[in-house]
Every structure is written in C-alpha cells, then in structure tokens.
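Everything on this sheet refers to the single structure shown next.
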Amino acid sequence: MSDYILEMNHITKEFSGVKALDDVNLKVKKGEVHALCGENGAGKSTLMNVLSGVYPYGTYSGDIVYKGEIGKFHKIKDSEAKGIVIIHQELALSPHLSVAENVFLGNEQCSGKGVIDWTRTRAKAAEMLAKVGLENEDVNVPVNSLGVGKQQLIEIAKAMAKDVELLILDEPTAALNDEESAKLLEIMLELKKQGVTMIIISHKLNEISYVADAITVIRDGHTIETLTKGVDDFSEDRIIKGMVGREMTNRYPIREGVTIGDTIFEVSNWNVYHPEDPERQVLKDVNIQVKAGEVVGLAGLMGAGRTEFAMSVFGKSYGQKISGTVRLNGKEVDLKDVRTAIDNKLAYVSEDRKGNGLVLIDDIKRNMTMAALRNFFSKNGVVDANEEIVKAEEYKKLINVKANSIDQTVGSLSGGNQQKVVLAKWMLTQPDVLILDEPTRGIDVGAKYEIYCVINDLAKAGKAVIIISSEMPEIIGTCDRLYVINEGHIAGELAKEEMTQEKIMGCIMADNRKGA
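For what it's worth, my numbering labels the leading residue of the sequence shown as 257, then goes sequentially.
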C-alpha cells in the first residue's frame, strides 16, 4: 500500500488555449498537512478545482490517483463521496440559515420518509462543532450573527459532517485576524491527529512554515519543487525564492525622490455612530492629517474602527449622525455622498475587492474606467469608448496586470491581478488622496511588491496615501508615519523611526489601561 493518499500526475488544464496548469505533479502523504505555495495566477486554486471536480474529468489531461484508484470526478458530489472536501476562499454559507442548517446544507439529515430530522440535525451539528473547538456555540442562531473566524470554523465542521478524509483549505485565514488565524491553525493540527489529511493554500508564509509537513511550490502553471519539514530549509525566504524564482532581499521597495509637501487632507473631530444603533458611537473625536507625498498608516486591532473611519469619510458610506470637518487642500468640503467624494479627488480602495471593488462578470476595461466614467470618459452623457480602451491598455501595462486582454472578465483573474484592477480604477479618477484598505489581502509576495511600487509612485506624484493594514510589518515597511486607532479613537501617533510592532501594541495596551 502506498504512503500517498493522493497523487496528481501530469495534470494539464487549458483555458481558451492558455495553459493554466502544465504537466503539474503533486504527491500528498496520508495524515500530513501539505501546503501549496505560489504567486497569484500560478495555478494553485485551478489544481484544487481539478481535484475536487469543479473542473470535471475530461476537461483536463493527466491522472488523479486517490487511495490507489484513478479518480474520475465529474462534479463536486463525486469527490465528496470519496471523502475529498474543498473549502473555498469565499465562504459558502447561507447567511440567514441557522448554524445547524449550514453544517448539513446539501447533506441533510433525513428520516426514512425524506423529511429532515431536526433533532438529529441539531445534535449532530453540535457534535461537529465540538470537533472544531466550538462546543459552546448555539446551533440555532443565524450564521451571519457570528464573526468571520467562527464562520470559517463552521465551514470546517460542515466538511467534517461529510466524513472528510482529505480536506482542502483555500486561503482559510485571509479574512481572519491574528488570534482567529492562530486558533484555526491549532484546529488543523488537532484534525491531523484525528487522521484527516489536509492541503492548504495560503500566502501567509509564517503560517505555512508552522502548520505544514511539506510544501509544494507552483510557478506559472508548473511544479517547481517540494520541500519537506525537517529535511529542507523551511524559512520564508527559501519559500519566496521558489515562488518568484529569485532571492527577495527587500520585501518593501525603497521610496526615493519623494518630497513631502503641505497638508492636503485633514479630518478634525470626526464622530460616527453605528448605522443600525444611533446610541452606539463607533468613532470618537478622530483627528488625522496627511501631507502631499506622504504615506500614512492606520494601525490597530480588528474592529478598532479603521475601515469605519475610511468609509464614513468617503462620502458617508458608513454610519449615521456623522459630525466633524474634512479639509482638502486647506478648503473645508462636505463629502455628502460618494459622487461628491470622487469629485473632490478622494478615492477609497475597499478591503473587499470582490464584494465592493469590482463587477466580477464585467471585463477589465469597464472595471478600470467605471469610477472615472462621468468625469473623464464621457461628454454630454456619451461615453468615449476609444479613450476607455486607450487608458485601460495604458494602466494594464503600467501596473502589470497579467491578463490576455482588457476584454477578459475580471472574475477569471487571480486575486493579485484583481487587486491591481481595483487600484487602476481609482487611479484613473486622478485623486489627490487615496485610502487603501487592506490593499494586499490574500495576494502573494511578488504581487505585494508590485503594489508597494505603485504606492511609491503615487507618493512621488505628490498624492496623499493612507494605508489600512492588519499586517504590522506591512504598515511599518510602507509608511512614513502612522496613527494607532483603538476602540474608535486615536490611541497614539508614531514617526517612521519610532515604528515597531512592540510600540504599536504598547499604544493599544496603554489606551486600554486608560479606559479600564
């Protein structure tokens, strides 16, 4: 009997004549955690979609050997019947159904007459939740009343309910904070003890190094190498070298030739209340200012109010009973809606590129030009289609969007390239102030570097840039100055030379002590 539960041999998959996978090979041992690493668009998710039957047998060449037998999966149900379950990056839960209903969605617990047995459903759901550390969770509450971290664990409980033997997790911690991510990794190690084999796709290399027994690196649709813990170098730098094909001595490009000018963006005494609860104050007397050519960070823990601040300033997209003043280039402005914000040269790249940033079924060109359409690509209500094409081509090249053409559907792009399209969309509005909310979430180190270069170019052009990031090394590596936000107010301000993770956490802890 082979040590390998899974062998994928010579897998080749094409889309419109372009090879997304070219003779890829993967071997996974029974009971191990096996990581797939690679840049966005390398083919990791495509390979897992082949394995799980999202791309049916016959649409690719090569063989899947699972538990010693050739796997011919025509749909997801076929792979699930064999114990292979995939959890995609976007959660597949029904928000208004209960936790119990979600755990057995598509796998209903029925009595002999085909009627759902709710007593058994709730009891077994509680049993599955206990396996993922949620033994005290109420199985009757709607799943959308829980945080993203718990929802991710419910996805795993859902997989456990299908008698999973091989669990595939695609970017499971992308939307989680550090505490939730750490809990999920411990759950994975616990599942490993229970005999579950796992394949994890992640761009968080520190998590990969911690949880994985082996790492297979994929680059441009080819398998490059497999590293084994305890045998090969498992350091982040070594993994990056395999992913990008070169040493990356500096993950944050040096910003040169930037002159920091006058203050062009200033928010004073900013107060915001929760959109559904007029008594709950979310932001309290926030004051920030950003100069031309300056990159300023907003650091803080999840839920501190950073995104709420950005959205409330950007055309009052969040909250109610908003008070305070915004000054752009020294002039007080009333940013009453998104259109007014855009007209006043303010842009906001949201943290959820798929939900709020892009129209996934539309092409690259339209996504790039939509925010600037009224001011830059139309006259008397008539769109200049030629100018749209020219600018979309220019920006595709400028920020290196990897796509066949500007007519390609945005939904077919990798995460990193989607993020570049969102950046281009707002750059085309020619803003003076650009707020970037989690600009590199869920993308690889190579694509991150390219986005940092774009940020540097914006600073060189005299723009004011604000970065919100949950990754402290990113904030420290990219910003000239930062504000620490805690529980809806400014807890501290740090200059470049003062920025360390310890200082940031120190500001938060000191602020918590004040409020105690």
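Positions of the beta carbon are idealized from the N, C-alpha and C atoms, including for glycine.
Note that the coordinates shown come from a computational prediction; the quantities given were computed from them, not determined experimentally.
| Item | Value |
| --- | --- |
| Distance, Cα to Cα, A417 vs R376? | 12 Å |
| My assumption, with CB atoms under 8 Å, is that I732 sits in contact with M755. Please give the rounded CB distance. | 5 Å |
| In whole angstroms, give me the CA-to-CA distance for G513 and H745. | 33 Å |
| Spatial neighbours of D593 within its chain, please: CB distance less than 8 Å, with the 5 preceding and 5 following residues excluded, ordered by chain position. | G571, K572 |
| In terms of residues, what are the limits of the beta strand (DSSP E) holding R630? | Not the beta strand (DSSP E): R630 falls in the alpha helix (DSSP H), residues 629–632. |
| Do you know offhand how far G287's Cα is from K323's? | 12 Å |
| Cα separation between N612 and K681? | 12 Å |
| For the candidate residues E564, M558, G517, K716, whose alpha-carbon lies nearest to that of G586? | G517 |
| Would you call the region 363–383 and the region 423–434 in contact, with 3 or more CB pairs under 8 Å? | no |
| For G403, which residues in the same chain have their Cβ closer than 8 Å to its Cβ, ignoring the five residues on either side in sequence? | E436 |
| Under three-state DSSP, which class holds A548? | coil |
| Check whether the Cβ atoms of I261 and L277 sit closer than 9 Å, and answer yes or no. | no |
| Can you tell me which of the three DSSP states S668 falls into? | helix |
| Counting beta carbon pairs with one atom in the region 718–733 and one in the region 685–695, are three or more of them shorter than 8 Å? | yes |
| So, do the region 314–331 and the region 341–349 have three or more beta carbon pairs nearer to each other than 8 Å? | no |
| Quick check on the DSSP output: the beta strand (DSSP E) that includes M454 runs from which residue to which? | 453–457 |
| Which whole-angstrom value is the C-beta distance of I645 and K621, which I expect to be below 8 Å? | 6 Å |
| Would DSSP call G698 helix, strand or coil? | coil |
| Which word fits A337, buried or exposed, when buried means at least 16 other C-beta atoms lie within 10 angstroms of its C-beta? | exposed |
| According to DSSP, simplified to helix, strand and coil, what is D469? | coil |
| Could you name the residues of the same chain whose beta carbon sits closer than 7 Å to that of V678, not counting the 5 residues immediately before and after it, in chain order? | V605, R609, G613, L614 |
| Go ahead and pull the three-state DSSP assignment for K275. | strand |
| Please classify N462: is it buried, with 16 or more other beta-carbons within 10 angstroms of its beta-carbon, or exposed? | exposed |
| Below 8 Å, can you find three or more Cβ-Cβ pairs linking the region 527–540 to the region 697–715? | no |
| Would you say the region 661–673 touches the region 436–451, given that touching needs at least three Cβ pairs under 8 Å? | no |
| With a floor of 4 residues, list each alpha helix (DSSP H) that falls wholly inside the region 559–642, ordered by position along the chain. | 562–569, 594–599, 620–625, 629–632 |
| Counting only the same chain and skipping the five closest in sequence on each side, list residues whose C-beta sits under 7 Å from that of A382. | V395 |
| Determine whether the beta carbon atoms of G309 and H290 lie at a separation below 9 Å. | no |
| Any idea if F360 is buried or exposed, counting beta-carbon neighbours within 10 angstroms, 16 or more meaning buried? | buried |
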